[in-house]
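This report refers to the structure that appears directly beneath it.
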Amino acid sequence: MLNRFLFLFFISFSLFAEPYYEFNNNEDEKRFFSLIKEIRCPKCTSGSLASSNAPVSEDLKKVIAEMIEDGQSDEDIKNFISDRFGKETLYDTPREPNTYALWYSPFVFLLICLVFFFFRKKS
Amino acid sequence: MIADISHYLSILSTAIFMLTFSLVLVLDRSAAHSTLLIKRSYSHAFFLFLISFLLYVYLALTDNFSVSYIAQHSNSLLPNFYKVTSIWSAHEGSMFLWIVFLSLWGFVFNLYNDNNLNVKNLSIGIISIIIVGFQLFLLVTSNPFEIVLPFAPENGADINPVLQDPALAIHPPTLYLGYVGFVIPFAYSLAFLINGNKSLNWEKKVKSWSVMAWVFLTIGISLGSWWAYYELGWGGYWFWDPVENVALMPWLAATAFIHSLSVASKSNVLRIWNLLLSIIVFSLSLFGAFIVRSGIIDSIHSFANDPQRGMYLLAFIAIILFVSLGLFISRFSMFDSSKNIKSLSKESFISLNNIFFGVLIFSTMMGITYPLIYELLYSQKISVGAPFYNAIYAPITILATVMLVVSIDSKWGRTIDIKGSFSMLYVSLAISLVGLVAIGYFIGEMPFIIMLSFFMGLVIIFRYSILVISNFLHKKYTNIPSVLAHTGLGLLILSISANSILSSEKVFNMKPNETRSFQNITVRFSELELLNNSNHDSIRATFSINSEGKSFFLSPEKRKYFARGQITSETAIKIMPFKDIYLTIGEQLDNGQWVVNVQLNYFIRFIWLSAAMMALSGLVIIKNIIRTKA
Amino acid sequence: MKLLLKTSILVIPFIIFSFFYLYLSKDNSYPGADYKNFNLPSFELENLYDESLISNNALKGTYLINIWASWCITCRIEHGFLTQLDDSNIRIVGLNYKDDRDDAIEWLVKYGNPYETVLHDFKGSLALDMGVTGAPETFLVRDQMVVAHYRGEINKMIWGDVFMPLIKGEGLADAK
Chain E
1 MLNRFLFLFF
11 ISFSLFAEPY
21 YEFNNNEDEK
31 RFFSLIKEIR
41 CPKCTSGSLA
51 SSNAPVSEDL
61 KKVIAEMIED
71 GQSDEDIKNF
81 ISDRFGKETL
91 YDTPREPNTY
101 ALWYSPFVFL
111 LICLVFFFFR
121 KKS
Chain C
124 MIADISHYLS
134 ILSTAIFMLT
144 FSLVLVLDRS
154 AAHSTLLIKR
164 SYSHAFFLFL
174 ISFLLYVYLA
184 LTDNFSVSYI
194 AQHSNSLLPN
204 FYKVTSIWSA
214 HEGSMFLWIV
224 FLSLWGFVFN
234 LYNDNNLNVK
244 NLSIGIISII
254 IVGFQLFLLV
264 TSNPFEIVLP
274 FAPENGADIN
284 PVLQDPALAI
294 HPPTLYLGYV
304 GFVIPFAYSL
314 AFLINGNKSL
324 NWEKKVKSWS
334 VMAWVFLTIG
344 ISLGSWWAYY
354 ELGWGGYWFW
364 DPVENVALMP
374 WLAATAFIHS
384 LSVASKSNVL
394 RIWNLLLSII
404 VFSLSLFGAF
414 IVRSGIIDSI
424 HSFANDPQRG
434 MYLLAFIAII
444 LFVSLGLFIS
454 RFSMFDSSKN
464 IKSLSKESFI
474 SLNNIFFGVL
484 IFSTMMGITY
494 PLIYELLYSQ
504 KISVGAPFYN
514 AIYAPITILA
524 TVMLVVSIDS
534 KWGRTIDIKG
544 SFSMLYVSLA
554 ISLVGLVAIG
564 YFIGEMPFII
574 MLSFFMGLVI
584 IFRYSILVIS
594 NFLHKKYTNI
604 PSVLAHTGLG
614 LLILSISANS
624 ILSSEKVFNM
634 KPNETRSFQN
644 ITVRFSELEL
654 LNNSNHDSIR
664 ATFSINSEGK
674 SFFLSPEKRK
684 YFARGQITSE
694 TAIKIMPFKD
704 IYLTIGEQLD
714 NGQWVVNVQL
724 NYFIRFIWLS
734 AAMMALSGLV
744 IIKNIIRTKA
Chain H
754 MKLLLKTSIL
764 VIPFIIFSFF
774 YLYLSKDNSY
784 PGADYKNFNL
794 PSFELENLYD
804 ESLISNNALK
814 GTYLINIWAS
824 WCITCRIEHG
834 FLTQLDDSNI
844 RIVGLNYKDD
854 RDDAIEWLVK
864 YGNPYETVLH
874 DFKGSLALDM
884 GVTGAPETFL
894 VRDQMVVAHY
904 RGEINKMIWG
914 DVFMPLIKGE
924 GLADAK
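Protein sequence lines correspond, in order, to chains E, C and H.
So the first sequence is numbered by this note's numbering: it starts at 1 and just counts up by one.
So the second sequence is numbered by this note's numbering: it starts at 124 and just counts up by one.
So the third sequence is numbered by this note's numbering: it starts at 754 and just counts up by one.
Right under this line is the structure:
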């Protein structure tokens, strides 16, 4: 009775029948936890896979775990997910010409301010 | 009936605030009788609005579901406390509270007498018209008084269990008190500009108000972080979510502002900074409201997806900003800034401080808006998250801390004496180096930036400790708030670094009665219960934990709430001296095992402790100001 | 120098405000719609009814793929529209998402079956490959290429504004 209730309560259709998330080594495990924090939940308004209980998030976590076990790189995994769910799933904004403005503008801004600051004092 | 009275009082209040503004325009502001009239008018307007709000609270407490908003956000089964807090759980009600607080600050400010009647009255007028703007926004676009006709739902709305939480209930009011508090320095600085007399020390008049607002903001942000930690289940305390960021920006500006305020008398350049910062802080507060309430950015907090509201707010903020900036620019020449700051004097460090904070604010703004820019330009969506913000904040903060410790030895009006002053700093550096080596030995390999952060955190703490000791020995004055707040900063940096490098987590697939171990901790799945509550069912998994010789139980749960079928995960946390043991349960696997997530979160309590230290230092500043006046 | 400072103090906020104004005025009536084109992922799934294997090569021409499940409450609402749509010459392929076979078949008996074929994606693997985040969702596929993806239930208005322009654009929908 309890078992049936539990099963109904949390229907989980695992993509993989084998127990997952138990990794063979620490590196893999660290990669897993790091990745699920960096990848955005496709269904939620905001938040990473780590903080989401949504079914699609659970599926993606399983996929990530399996891909890590499979020996795929972080980049492979991120590409896999962003190909299917969009580039917006990557909280680690890619560094490409379109985003240089984002990544470098703070330092440019700092430089300009410092130039102003030192230049003013000398005058 | 009561709803109508409450509504009417709000409208009346708007009219009286409008009247107050008109009085300020029309009357002789330097006269005592005008001042009295203006004061009375403002007070009446405020009390009308306050009573309107209290009546609204009464409506919520008495389950008056004919009011649409209350029907949508409250429920007859809620405890009274949560009936009240449900008022600010969404846009219209929280806006209502926002304006109550805004007018409250003005009211209290108005209680104090000011020799300069003209400036004081001008500032009250400015505050009044700002209040009117928000009241119109509320009544026209976001009316909390709309009636549900003709059938009021019997029990109200489905309860969102996530919102029934004390921390989450106090977090918005505390934040709002912070945000709106900055209307005081804003209005007063504008009044100063209009008045045109540069010898008036407006900075001194607004200092304690600004610090108080800053204290509220600090506490409000910390509450949000603390709540997110135990509620959201991933063990993090800061996500760089857009709405966290829009609260952080005014806080950064406010921190720069209160530092800069203390330097008013020393330099004209800094007086210009002060004016600009007072405008920026308040504008960022308003901008935060805009971002959250326009639905323009996807975020956990987004209240409503209503472009019309967004447009109104945008226009309102634009008007406030451009009028104030216009005023600022036109009076720029008030200050003869030919008197330059001496390089490497304390004033120059404060200036530099403003630059560092400015860069952080710029970067945060960049991070929030870049997805929007990208979407407009390339019709594609991207996200900006922790990697970007960490990449910017870490190096900038480290640079700022270097500047901080150097500045301790700086002097007002003179260049720092390189030869003589730095002995205490060198000692701190040496001790910190030893400390760093010890940490490195204990922790092992760590990224360079973390090493630097540890080092600077230690330097700050040791430098200030030596300062305190030295002052004590030489019977010199110690600036306690400065020591407290900056030591808090050092602790914050150390805690964030330690938390980042030391924390770990592991997932186990376990059946009841199985045991696993991890990092000197054993976890035994001792019990699985099915519980029924009035509004939810839950599965509670109890684990017997053994750590550092101590034994205890932790019981995370998975809950299903009847009302919306919402499933939540309740974390179980054990607070130990240097770490938290943090447990959540996930899904049940096909083979009957449960996914169990164990986290060790190091030094996280120290992060909030450091925030508390900073907030406390603010209170000490205010206490000191009050003492000197008495 | 001072002039530069003064102008930038006014210009920078002006740029920021104009930007937000532009963004707010952008037409965002269908946030659930995504027109990014991508190839229909290769798959091999069982037919819901007879368990025969169907692969992506078997589906040619222009058709909708509708993601649905018996546990999905909103799908019931959408289904009324889909059965009505069935009459108007657009082919609909159903993708039964993470559902029990018997439950699904029973549901179709109860609510009607507008689908020319129903794929049983028990594990949700094809759905994952297509970027599905839940049910109901609908894709417009043309010659092995996905040309539109709508997240959420479809009604007459959405059908008209999101899908029809694309269908009309390439000529007549395939006759059954």
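Every residue, glycine too, gets a C-beta built ideally from N, C-alpha and C.
This one's a predicted model, so the numbers in the text were calculated from it and none came from an experiment.
If we count the other Cβ atoms within 10 Å of its Cβ and call it buried at 16 or more, is Gln837 of chain H buried or exposed?
Taking the third sequence and counting its residues from 1, the one referred to as residue 837 of chain H is at position 84. The residue is exposed, with fewer than 16 neighbouring Cβ atoms inside 10 Å.
Mind listing which residues of the region 358-375 of chain C have their C-beta closer than 9 Å to chain E's C-betas, in chain order?
Gly358, Gly359, Phe362, Trp363, Asp364, Pro365, Val366
With DSSP as the reference, label Met699 of chain C as helix, strand or coil.
Along the second sequence, one-based indexing puts residue 699 of chain C at 576. Reduced to three states, the DSSP call for Met699 of chain C is coil.
Compile a chain-ordered list of the residues in the region 843-873 of chain H whose CB is closer than 7 Å to at least one CB of chain E.
Lys851
Suppose you measure from the CA of Leu298 of chain C to the CA of Asn24 of chain E; what does that come to, to the nearest Å?
Sequence index remark: in the second sequence, residue 298 of chain C carries index 175 (1-based). Sequence index remark: in the first sequence, residue 24 of chain E carries index 24 (1-based). So the two alpha carbons sit approximately 45 Å from each other.
Ile690 of chain C - containing alpha helix (DSSP H), residue span
Mapped onto the second sequence, residue 690 of chain C falls at position 567. Not the alpha helix (DSSP H): Ile690 of chain C falls in the beta strand (DSSP E), residues 690-693.
Given a cut-off of 9 Å on the beta-carbon distance, is the pair Ser670 of chain C and Thr691 of chain C in contact?
Numbered from 1 along the second sequence, position 547 holds the residue referred to as residue 670 of chain C. Numbered from 1 along the second sequence, position 568 holds the residue referred to as residue 691 of chain C. Contact: no.
Just checking: is the beta-carbon of Gly536 of chain C within a distance shorter than 9 Å of some beta-carbon in chain H?
For the purposes of this step, residue 536 of chain C is taken as residue 413 along the second sequence, with counting starting at 1. Gly536 of chain C does not count as touching chain H.
Between the beta-carbon of Glu650 of chain C and the beta-carbon of Arg663 of chain C, is there less than 9 Å?
Position 527 of the second sequence, counting from 1, holds the residue named residue 650 of chain C. Position 540 of the second sequence, counting from 1, holds the residue named residue 663 of chain C. Their beta carbons are under 9 Å apart, which means Glu650 of chain C touches Arg663 of chain C by this criterion.
Coarse secondary structure for Val871 of chain H, derived from DSSP in three states
Position 118 of the third sequence, counting from 1, holds the residue named residue 871 of chain H. Reduced to three states, the DSSP call for Val871 of chain H is strand.
So, helix, strand or coil for Lys64 of chain C, using DSSP?
Because chain C spans 124 through 753 in this model, residue 64 of chain C falls outside it and cannot be assessed.
Beta-carbon of Pro106 of chain E versus every beta-carbon of chain H: anything under 9 Å?
Position 106 of the first sequence, counted from the first residue, corresponds to residue 106 of chain E. Closer than 9 Å: no.
Residues sharing a beta bridge with Ser680 of chain C, DSSP:
Here residue 680 of chain C refers to the residue found at position 557 when the second sequence is read from its first residue. According to the sequence shown, residue 680 of chain C is Glu rather than Ser. According to DSSP, Glu680 of chain C bridges with C:Arg663, C:Glu693.
Going by the beta-carbon positions, is the gap between Ile452 of chain C and Leu793 of chain H smaller than 9 Å?
For the purposes of this step, residue 452 of chain C is identified with residue 329 of the second sequence, where counting begins at 1. For the purposes of this step, residue 793 of chain H is identified with residue 40 of the third sequence, where counting begins at 1. Against a cut-off of 9 Å, the Cβ pair of Leu793 of chain H and Ile452 of chain C comes out as no contact.
Which whole-angstrom value is the C-beta distance of Pro507 of chain C and Leu102 of chain E, which I expect to be below 8 Å?
As a first step, residue 507 of chain C is located in the second sequence; it is residue number 384 there, counting from the start. As a first step, residue 102 of chain E is located in the first sequence; it is residue number 102 there, counting from the start. In the sequence as displayed, the identity of residue 507 of chain C is Val instead of Pro. Rounded, the Cβ-Cβ distance is 7 Å, consistent with contact.
Less than 6 Å between C-beta atoms, sequence neighbours within five positions excluded: which residues of the same chain meet that for Gly613 of chain C?
Taking the first residue of the second sequence as 1, we reach residue 613 of chain C at position 490. Cβ neighbours of Gly613 of chain C beyond the five flanking positions: Gly580, Ile583, Ile584.
Hey, is Phe117 of chain E's beta-carbon within less than 9 Å of any beta-carbon in chain H?
Here residue 117 of chain E is taken as the residue at index 117 of the first sequence, counted from 1. Taking Cβ atoms only, chain H never reaches closer than 9 Å to Phe117 of chain E, which makes this a no.
Given 8 Å, three or more beta-carbon pairs between the region 724-733 of chain C and the region 350-364 of chain C
yes
Would the region 796-813 of chain H and the region 867-881 of chain H be scored as touching if the rule is three or more Cβ pairs under 8 Å?
yes
Candidates C:Ala194, C:Phe219, C:Phe545: closest to Leu173 of chain C by CA position
Taking the first residue of the second sequence as position 1, residue 173 of chain C is located at position 50. Selected option, being the one with the closest Cα: C:Phe219.
Can you give the beta carbon distance from Phe666 of chain C to Phe648 of chain C, rounded, assuming they're within the 8 Å contact cut?
Translated into positions along the second sequence, residue 666 of chain C becomes position 543. Translated into positions along the second sequence, residue 648 of chain C becomes position 525. Right, their Cβ atoms sit about 6 Å apart.
Give every residue of the same chain whose Cβ lies closer than 6 Å to the Cβ of Ile402 of chain C, excluding the five residues on either side of it in the sequence, and list them in chain order.
On the second sequence, position 279 is the one that residue 402 of chain C refers to. Around Ile402 of chain C: Ser447.
In three-state DSSP terms, what is Asp852 of chain H?
As a first step, residue 852 of chain H is located in the third sequence; it is residue number 99 there, counting from the start. Correct three-state label for Asp852 of chain H: coil.
Taking the alpha helix (DSSP H) that Ala901 of chain H belongs to, which residues open and close that run?
For the purposes of this step, residue 901 of chain H is taken as the residue at position 148 of the third sequence. Segment 898-904 is the beta strand (DSSP E) holding Ala901 of chain H; no alpha helix (DSSP H) there.
Interface residues of chain H facing Asp59 of chain E [CB-CB closer than 8 Å]:
Start at 1 with the first residue of the first sequence, and residue 59 of chain E comes out as number 59. By Cβ distance, chain H contributes Gly877, Leu881.
Assign Ala213 of chain C to one of three DSSP states: helix, strand, or coil.
To locate residue 213 of chain C, count along the second sequence from 1; it is residue 90. DSSP places Ala213 of chain C in coil when its eight states are reduced to three.
Please report whether the beta-carbon of Lys772 of chain H lies at a distance below 9 Å from any beta-carbon of chain C.
Your numbering for residue 772 of chain H matches position 19 in the third sequence. Sequence inspection shows Phe at residue 772 of chain H; the Lys mentioned does not correspond to that position. Yes, because at least one Cβ of chain C sits closer than 9 Å to the Cβ of Phe772 of chain H.
According to the Cβ coordinates, are Asn622 of chain C and Tyr360 of chain C closer than 9 Å?
As a working note, residue 622 of chain C is residue 499 in the second sequence. As a working note, residue 360 of chain C is residue 237 in the second sequence. Going by C-beta atoms, Asn622 of chain C is nearer than 9 Å to Tyr360 of chain C.
Report the start-end ranges of each alpha helix (DSSP H) in the region 250-311 of chain C that is 4 residues or longer and not cut off at the edges.
289-304
Residues bridged to Asn747 of chain C [DSSP beta-bridge criterion]:
Walking along the second sequence from the start, residue 747 of chain C turns up at place 624. In DSSP, Asn747 of chain C forms no bridge with anything.
Let's test the definition: count the other Cβ atoms within 10 Å of the Cβ of Trp221 of chain C and tell me whether it reaches 16, buried, or not, exposed.
Here residue 221 of chain C corresponds to residue number 98 of the second sequence, with the count starting at 1. Trp221 of chain C is buried by the Cβ-count criterion.
Are the beta-carbon atoms of Lys162 of chain C and Ile247 of chain C separated by less than 9 Å?
Locating residue 162 of chain C in the second sequence gives position 39, counting from the first residue. Locating residue 247 of chain C in the second sequence gives position 124, counting from the first residue. Yes. Within cutoff.
Output, in sequence order along the chain, the residues in the region 77-102 of chain E whose CB is closer than 9 Å to any CB in chain C.
Listed by position, the residues of the region 77-102 of chain E near chain C (Cβ gap below 9 Å) are Gly86, Lys87, Glu88, Thr89, Leu90, Tyr91, Asp92, Thr93, Pro94, Asn98, Thr99, Ala101, Leu102.
Short check: CB of Lys851 of chain H to CB of Gly814 of chain H, under 9 Å?
As a first step, residue 851 of chain H is located in the third sequence; it is residue number 98 there, counting from the start. As a first step, residue 814 of chain H is located in the third sequence; it is residue number 61 there, counting from the start. Result no, Cβ atoms of Lys851 of chain H and Gly814 of chain H do not sit closer than 9 Å.
Measure from the alpha carbon of Phe309 of chain C to the alpha carbon of each residue in C:Asn320, C:His294, C:Lys330, C:Pro289, then state which is nearest.
Locating residue 309 of chain C in the second sequence gives position 186, counting from the first residue. Closest by alpha carbon: C:Lys330.
Between C:Glu628, C:Ile139, C:Glu498, C:Asn283, which has its C-alpha nearest Lys702 of chain C's C-alpha?
Residue 702 of chain C sits at position 579 when you count from the first residue of the second sequence. Nearest option by C-alpha distance: C:Glu628.
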